[in-house]
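J.: To get our numbering, take the position in the sequence shown, counting from 1, and add 162. Even for Gly, the Cβ is constructed at its ideal location relative to N, Cα and C.
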Amino acid sequence: MKLFFGEIFENSAILNEEESHHFAKVLRGKEGDLVHVTNGKGKIAEIEVNSISKKVVEGKIIDLKTEFEKKNYYLHIAIAPTKTMERLEFFLEKATEIGIDEITFLQTYHSERKNIKIERIEKIVQSATKQSLKAYLPKINDLIKFNEFIKLNFSDFEKCIAHCETDIERVPLKNILDKKPKKILILIGPEGDFSKDEIKTSESNNFLGISLGQQRFRTETAALQAVFGTDWELG
């Protein structure tokens, strides 16, 4: 199955400009080809291509699915970017393949990276979405300071902060998931972990301290553990 991003209408669909160029010039697609199009919001359509131009590839819908493989929960991971971009990109790719709805990047006290290239990150997530044949494109939010983020309104989320401070109360992530939350937000810190002040500040904003296990994980591994564990328990 070849999957592209585009717009889906009642009886037809079009590939966006970048995808249209890839179909026509790179793949050398032609009229009559059968391909799949997703709007990244749950719809996925099989189309027969009937028009190819420089900027737009269009086709008639043969089959349409809505809310394709929709999960019964919403997962938002807020993560401090790793110093090595390859490790962060690995997380983005695998988290998208497993199933994640939203990713925010945090600037924390111990952060190793102070900036990110959001356009490159969005392309990685888009590619992973197509490769894994998903109809939901994760939402990507740019870098934000920790103290600003935790004050945002997440009143309908189960809010958690994963940290390694054994002298500050934590509960296993499974205890939170046993309550079957519909929406869950998990904060993942940098290699040096969240500072004690950040943990205490998060708790004063109604975040629950959680543990992801007895091991000490790298940042991207901890984030994937959270994604996989949530999918295993709630999916």
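Taking 8 Å as the threshold, find out whether the segment 365-385 comes into contact with the segment 322-337 through three or more Cβ pairs.
T.: Enough Cβ pairs lie closer than 8 Å, so yes.
J.: Could you check whether the segment 269-287 touches the segment 229-237, counting it as contact only if at least three pairs of C-beta atoms, one from each stretch, sit closer than 8 Å?
T.: By the Cβ rule, the segment 269-287 does not count as touching the segment 229-237, because fewer than three pairs are nearer than 8 Å.
J.: In the DSSP assignment, find the unbroken beta strand (DSSP E) run with residue 267 in it and report its ends.
T.: To locate residue 267, count along the sequence shown from 1; it is residue 105. Looking at the DSSP string, the run of the beta strand (DSSP E) that includes residue 267 is 264-269.
J.: Can you list, in chain order, the residues of its chain whose CB lies under 7 Å from that of residue 262, leaving out five sequence neighbours each side?
T.: As a working mapping, residue 262 is identified with position 100 in the sequence shown. Counting only Cβ-Cβ distances below 7 Å, and skipping sequence neighbours, we find 237, 239, 300 and 389.
J.: I believe residue 177 touches residue 185 by the beta-carbon criterion, under 8 Å. Please report the beta-carbon distance rounded to the nearest angstrom.
T.: Position 15 of the sequence shown, counted from the start, is the residue given in the question as residue 177. Position 23 of the sequence shown, counted from the start, is the residue given in the question as residue 185. 6 Å between Cβ atoms; contact.
J.: So residue 255 packs on residue 290, CB below 8 Å; how close in whole Å?
T.: Within the sequence shown, the letter at position 93 stands for residue 255. Within the sequence shown, the letter at position 128 stands for residue 290. Yes, they are in contact, since the Cβ atoms of residue 255 and residue 290 sit about 5 Å apart, within 8 Å.
J.: Quick check on the burial criterion: 16 or more other C-beta atoms within 10 angstroms. Buried or exposed for residue 269?
T.: As a working mapping, residue 269 is identified with position 107 in the sequence shown. So residue 269 ends up on the buried side.
J.: Let's see if you can read the secondary structure: which residues bound the alpha helix (DSSP H) around residue 339?
T.: The residue you call residue 339 lines up with position 177 of the sequence shown. First-last of the alpha helix (DSSP H) with residue 339: 335-339.
J.: Tell me the rounded alpha-carbon separation between residue 309 and residue 360.
T.: Translated into positions along the sequence shown, residue 309 becomes position 147. Translated into positions along the sequence shown, residue 360 becomes position 198. Here the alpha carbons of residue 360 and residue 309 stand approximately 8 Å from one another.
J.: If you run the structure through DSSP and keep just helix, strand and coil, what is residue 165?
T.: Indexing the sequence shown from 1 puts residue 165 at position 3. Residue 165: strand per DSSP, three-state reduction.
J.: Residue 264 to residue 314, Cα distance in whole Å?
T.: For the purposes of this step, residue 264 is taken as the residue at position 102 of the sequence shown. For the purposes of this step, residue 314 is taken as the residue at position 152 of the sequence shown. Rounded to the nearest angstrom, the two C-alpha atoms are 15 Å apart.
J.: Can the beta-carbon of residue 258 be found closer than 7 Å to that of residue 303?
T.: Stepping through the sequence shown from its first residue, residue 258 is reached at position 96. Stepping through the sequence shown from its first residue, residue 303 is reached at position 141. No.
J.: For residue 227, which three-state DSSP category applies?
T.: Along the sequence shown, one-based indexing puts residue 227 at 65. Residue 227: strand per DSSP, three-state reduction.
J.: For residue 364, which of 345, 341 and 331 has the nearest alpha-carbon?
T.: The residue labelled residue 364 in the question sits at position 202 within the sequence shown. Checking every option, the nearest Cα to that of residue 364 belongs to 331.
J.: Give the straight-line distance between the Cα atoms of residue 175 and residue 283, rounded to the nearest whole angstrom.
T.: As a first step, residue 175 is located in the sequence shown; it is residue number 13 there, counting from the start. As a first step, residue 283 is located in the sequence shown; it is residue number 121 there, counting from the start. So the two alpha carbons sit approximately 26 Å from each other.
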